[in-house]
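Residue numbers (the numbering used here): 275 to 706.
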């Protein structure tokens with residue numbers, strides 16, 4: 275492990291994996307849709323698209339040619355708080371890949387024709403997303419819980435994307451893409467000294483403004499529910515609560531992961547058995563978490579026939595309360611073992627290692643070895659999970675998002691009545 279910083283504030287993460295024939299290199303920007311101002315909605319996503327068009331040193335044709343020649347392992351993605359550009363390539367091609375990544379991030383040209391072309395592509399993506407009930411419900415849940423830029427669709431709206439021109443996109447890029455908001459990472463069989471030289475050559479003269487600060491978030495002080503009616507015999511449902519923020523400790527975040535694994539994130543979880551196997555209401559049911567700088571999300575998602583929404587929600591609340599009152603040692607041990615296995619498998623993926631290490635650095639978290647993270651996971655006790663479940667599920671600002679045709683009259687009243695204060699606290703005389 276080796277981390278260092280250039281004088282301009284750019285941070286570098288190096289994780290050697292000797293003997294590998296491949297390397298993963300990337301640049302992660304602490305820039306996403308949350309950092310867009312009014313009138314910029316969708317700009318972060320468009321910048322990422324346009325990074326694969328003409329840059330100051332590469333044409334779009336040359337970029338495509340190099341990606342193909344090096345195995346096609348170039349990827350990019352925009353999220354609420356991060357944008358990442360990565361290349362998994364044969365180890366001997368690492369420096370060619372890093373040179374291209376640097377040009378894509380630092381010097382895209384944003385040519386008028388390219389902007390028009392990528393705008394059309396994003397508008398098509400938005401149209402397709404409208405037909406994806408699962409994706410639309412997840413966005414709606416964050417809109418209800420967070421509001422503002424954090425609660426918006428990452429790609430913006432059809433209206434906002436149409437309004438974005440070359441000047442607006444360039445301004446967003448100049449304002450947000452800064453070495454102080456970036457981490458360069460290299461994972462694999464890469465020469466350390468050569469990496470230092472190449473990073474200095476490619477990024478040493480990069481300057482930028484101070485890092486943009488996202489608007490502070492205020493969570494709602496009441497429960498909210500919303501239905502987007504779509505012609506369908508089914509409904510997609512997300513029940514969500516505030517979760518752990520990026521400021522939480524590794525152990526706290528791991529405890530949240532154990533809780534999610536016990537509730538719905540694995541095939542051995544409570545909700546998978548209760549809603550899918552026993553009640554046969556849904557094929558897909560899951561719990562998931564999202565971690566942002568200052569807030570987080572803990573959510574349960576499922577798709578059911580419209581008439582099965584009430585029953586599926588009742589089962590969900592029953593299993594949530596059971597985890598607050600009487601989680602079993604057996605399900606806890608199974609969740610720990612599952613997360614241990616996933617951690618070990620992820621540690622073998624250079625892409626995942628680089629991605630997670632870069633994000634940890636940008637969130638101000640200290641690096642830790644796989645051994646340290648395993649020790650942390652194994653130190654979690656069943657009571658830690660039960661305590662966290664009571665803390666998360668007793669929140670007064672839970673939200674219910676539904677898309678389709680759910681047969682649940684007055685969903686906000688139903689939510690308020692069923693998540694009343696104290697519902698997830700053990701009743702009098704109940705052994706904790």
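By construction, the Cβ of each residue, glycine as well, lies at the ideal position given by its N, Cα and C atoms.
(message) By alpha-carbon positions, which one of 303, 632, 355 ends up nearest to residue 489?
(response) 355
(request) Please classify residue 279: does DSSP put it in a helix, a strand, or coil? (result) strand
(message) Quick check on residue 298: does DSSP put it in helix, strand or coil?
(response) strand
(request) Assign residue 602 to one of two classes, buried (16 or more other C-beta atoms within 10 Å of its C-beta) or exposed (fewer than that). (result) exposed
(request) Using alpha carbons as the reference points, say which of 529, 581, 587, 642 lies closest to residue 664. (result) 529
(message) Quick check: the Cα distance between residue 405 and residue 678, rounded to an integer number of angstroms?
(response) 10 Å
(request) Give, in chain order, every unbroken run of the beta strand (DSSP E) that is at least 3 residues long and sits entirely within the segment 442 to 510. (result) 456 to 462, 498 to 503
(message) Tell me the rounded alpha-carbon separation between residue 420 and residue 366.
(response) 45 Å
(request) Please go through the same chain and pick out, in chain order, the residues whose beta-carbon is closer than 7 Å to the beta-carbon of residue 383, but skip the five residues on each side of it. (result) 328, 329, 330
(request) Just tell me which of 396, 667, 368 has its CA closest to the CA of residue 690. (result) 667
(request) Please confirm whether residue 519 and residue 570 have their CB atoms less than 7 Å apart. (result) yes
(request) Note down, in chain order, each residue of its chain lying with its Cβ closer than 6 Å to the Cβ of residue 506, except the 5 sequence neighbours on either side. (result) 678, 679
(request) Look at residue 532 and residue 659 and say whether their C-beta atoms are less than 7 Å apart. (result) yes
(request) Let me know if residue 451 comes out buried or exposed under the rule of 16 or more other beta-carbons within 10 Å of its beta-carbon. (result) buried
(message) residue 499 and residue 612 - do their beta-carbons sit closer together than 7 Å?
(response) no
(message) Let me check understanding here. Comparing Cα to Cα, which of 303, 339, 557 lies closest to residue 359?
(response) 303
(message) Between which residues of its own chain and residue 561 is the CB-CB distance below 6 Å, once the five residues before and five after are set aside?
(response) 534, 537, 538, 539, 574
(request) With a 10 Å radius around its C-beta and 16 neighbouring C-beta atoms as the bar for buried, classify residue 289 as buried or exposed. (result) buried
(message) Considering only DSSP beta bridges, list what residue 364 is partnered with.
(response) 296
(message) Does the segment 620 to 634 come into contact with the segment 299 to 314, if we say contact requires no fewer than three beta-carbon pairs (one atom in each stretch) closer than 8 Å?
(response) yes
(request) Can you tell me which of the three DSSP states residue 678 falls into? (result) strand
(request) Compare the C-alpha of residue 544 against each of 588, 579, 515, 597 and name the closest. (result) 597
(request) Assign residue 557 to one of two classes, buried (16 or more other C-beta atoms within 10 Å of its C-beta) or exposed (fewer than that). (result) exposed
(message) With H, G and I counted as helix, E and B as strand and the rest as coil, what does DSSP make of residue 384?
(response) coil
(message) Can you look up residue 314 in the DSSP assignment and give me helix, strand or coil?
(response) coil
(request) Could you check the C-alpha separation between residue 608 and residue 645 for me, to the nearest Å? (result) 20 Å
(request) To the nearest angstrom, report how far apart residue 378 and residue 362 are at their CA atoms. (result) 16 Å
(message) Assuming contact is defined by CB atoms lying nearer than 7 Å, are residue 316 and residue 438 in contact in what I supplied?
(response) yes
(message) Can you list, in chain order, the residues of its chain with a C-beta nearer than 6 Å to that of residue 590? Leave out the 5 residues immediately preceding and following it.
(response) 574
(request) For residue 621, verify whether its CB is less than 6 Å away from any heavy atom of the ligand NAP. (result) The model depicted lacks the ligand NAP and carries no ligand whatsoever.
(request) Can you give me the start and stop residues for the alpha helix (DSSP H) that residue 527 sits inside? (result) 524 to 534
(request) Please report how far the alpha carbon of residue 584 lies from the alpha carbon of residue 412, in whole angstroms. (result) 19 Å
(message) Can you check which of these residues, 353, 487, 321, is closest to residue 426 by C-alpha distance?
(response) 353
(message) Is it the case that the segment 306 to 321 contacts the segment 468 to 479, given that we only count it when at least three CB pairs across the two stretches are under 8 Å?
(response) no
(message) Given a cut-off of 7 Å on the beta-carbon distance, is the pair residue 285 and residue 462 in contact?
(response) no
(request) Please list, in chain order, all residues of the same chain as residue 334 whose beta carbon is under 8 Å from its beta carbon, the five residues on each side excluded. (result) 326, 327, 328, 388
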